[in-house]
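Written below as C-alpha cells is the structure these notes are about.
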Amino acid sequence: MIRSPLMTVMTDAVIKAARSLKRDFGEVENLQVSRKGPGNFVSAADHRAEKIIREALEKARPGYGFVLEEGGVVEGTDATHRWHVDPLDGTTNFLHGIPHFCISVGLEREGQIVAGVIYDPVKDEMFIAERGKGAYVNNRRLRVAARRDMADSVIYCGLPHFARPAHPRFLLELSSVMAVSGGVRRMGAAALDLAYVAAGRSDAYWERDLQTWDIAAGIILVREAGGFVTDCEGGDDPMASRSICCGNEAVHRELLAILRQANRPVTTAAAARPA
Ligand code: 2AM
Ligand code: CA
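The numbering of the sequence shown is this note's numbering, which starts it at 10 and goes up by one.
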C-alpha cells in the first residue's frame, strides 16, 4: 500500500466522483429504451463527475493547474504541478451499458508524471502508483506479466476513432500483431488498458491519437509495475506524442518491432526497377 497524503487526496476525490458515476450508470439501462437515448445523460454524468473531482483536488491542493477532458486547460498559480483528469474513460462502454469504464487522475510535476490513480467503480478496483513507491490494485502490489513469447501474449489495442486517416495504417498493424500473438483485445477504455498491463492481465498495449488525460495515470502505473512505456515509434515522451506502446520489457520490444515493420514503406522489386 502507499500511505501518503497525496494518495489520500487523489483516491478520496476519485471515490467521491465514482459514487455519482455509478449511480448514473445504473440509470443508463433505463434510458436505452427512450427515443432520445442516453447520449445527453451520459455527457451530463461526465460533467458531474469532473466537477466533483475538480472541486476536491482544488480544495486539497489549491493552485495546481488542470488538464480536464471536459473543462480543458486551467492554468494554476503553481506552475510546477498540474492534474490530468478523465472523469469517464470508456464513454462508449458506459453509454452502451458495458461495465468497463473508469476515472483516471494523473499528477504532473515539472514535466514528469509522479502519481496516478485509476478507479473502476463497477469492479471496485483502485489502481494506484506513485513514483518510487510501486503500483498497487486495492492492497495488492502489481507486477507486469513475465511472459516473453509473443505467441503466448495477449495484446491490447485501441481502434482509430471515426474515419480518421489512421485507419489503413492501423489495419496493417493489427494484421501483423494478429499473425504472431496469442490474442488481441480491444477493451475500450485506454486508462484501464494501461492499468491492466501494470496488473499483468495484458502483456502489451498500443494505441494512437490519445489525450494526456487518457494516459497520464496509466504511464506511472505501468512503469512502477516494472513495465516499459514509449510512444508507438519508441520515443520516450508519450504525453507529447499522444500515442502509447507499453508492456513488459520483452513483449514491448517485440511489439515496437512489429509496428515498425508494419509501417515500413512498401518497395516491391517492380517498383524499384528503373522504367
Ligand atoms: P473516452 O472514453 O474518454 O472518450 C478507446 O480506444 C479509448 O480512446 C477510450 O479511452 C476513449 O476515451 C479514447 N478516446 C480518445 N479520443 C476519442 C474519440 N475522439 N472518440 C472516442 N474515444 C476516444
Ligand atoms: Ca478517455
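By construction, the Cβ of each residue, glycine as well, lies at the ideal position given by its N, Cα and C atoms.
Item                                                                                                                                                            : Value
Any heavy atom of ligand 1 closer than 8 Å to the Cβ of PHE75?                                                                                                  : no
Between GLY115, GLU59 and VAL153, which has its C-alpha nearest VAL260's C-alpha?                                                                               : VAL153
What residues sit near ligand 2, counting only those whose C-beta is closer than 5 Å to one of its heavy atoms, in chain order?                                 : ASP95, ASP98 and ASP223
Taking the C-alpha atoms as reference points, what is the distance between HIS109 and GLY197?                                                                   : 8 Å
Tell me the DSSP secondary structure of HIS90 in three-state form.                                                                                              : strand
Are GLY141 and GLY125 closer than 9 Å when you measure CB to CB?                                                                                                : no
Report the rounded CA-to-CA distance for ALA137 versus ILE122, giving the unit in angstroms.                                                                    : A quick correction: the sequence has Ile, not Ala, at residue 137. Whole-angstrom Cα-Cα distance: 13 Å.
Quick check: does the Cβ of LEU230 come within less than 8 Å of any heavy atom belonging to ligand 1?                                                           : no
When you compare each of ASN39, ALA69, VAL37 and ARG32 to THR17 by their alpha carbons, which one comes out closest?                                            : ALA69
For the segment 117-204, list the alpha helix (DSSP H) runs that are entirely contained and at least 4 residues long, ordered along the chain.                  : 176-189
Would DSSP call SER13 helix, strand or coil?                                                                                                                    : coil
Just how far apart, CA to CA, sit CYS241 and PRO177?                                                                                                            : 16 Å
Confirm the yes/no value for this check: CB of ASP33, any heavy atom of ligand 1, distance under 8 Å.                                                           : no
So is ASP246 buried or exposed if we call it buried at 16+ other beta carbons inside 10 Å?                                                                      : exposed
Under three-state DSSP, which class holds LEU97?                                                                                                                : strand
What number of angstroms, rounded off, separates the C-alpha of VAL83 from the C-alpha of ILE224?                                                               : 18 Å
Mind checking whether the beta-carbon of THR221 lies closer than 8 Å to any heavy atom of ligand 1?                                                             : no
Check whether the segment 19-34 touches the segment 87-105, counting contact only when three or more Cβ pairs, one atom from each stretch, lie closer than 8 Å. : yes
Pick from ALA266, ARG269, LEU151 and HIS105: whose alpha carbon is nearest that of ILE229?                                                                      : LEU151
Whole-angstrom Cβ separation of ALA160 and GLY191, contact assumed at under 8 Å?                                                                                : 6 Å
Would you call PRO71 buried or exposed, if buried means 16 or more other Cβ atoms sit within 10 Å of its Cβ?                                                    : exposed
Going straight from the alpha carbon of ILE62 to that of ARG194, what length do you get?                                                                        : 30 Å
Would you tell me roughly how many angstroms separate the C-alpha atoms of GLY48 and LEU104, rounded to the nearest one?                                        : 7 Å
Using 8 Å as the cut-off, classify the Cβ of GLU59 as near or not near the heavy atoms of ligand 1, replying yes or no.                                         : no
Starting from LEU77, trace the beta strand (DSSP E) both ways and give me its first and last residue.                                                           : 73-77
What is the rounded straight-line gap between the Cα of VAL146 and the Cα of ASP133?                                                                            : 10 Å
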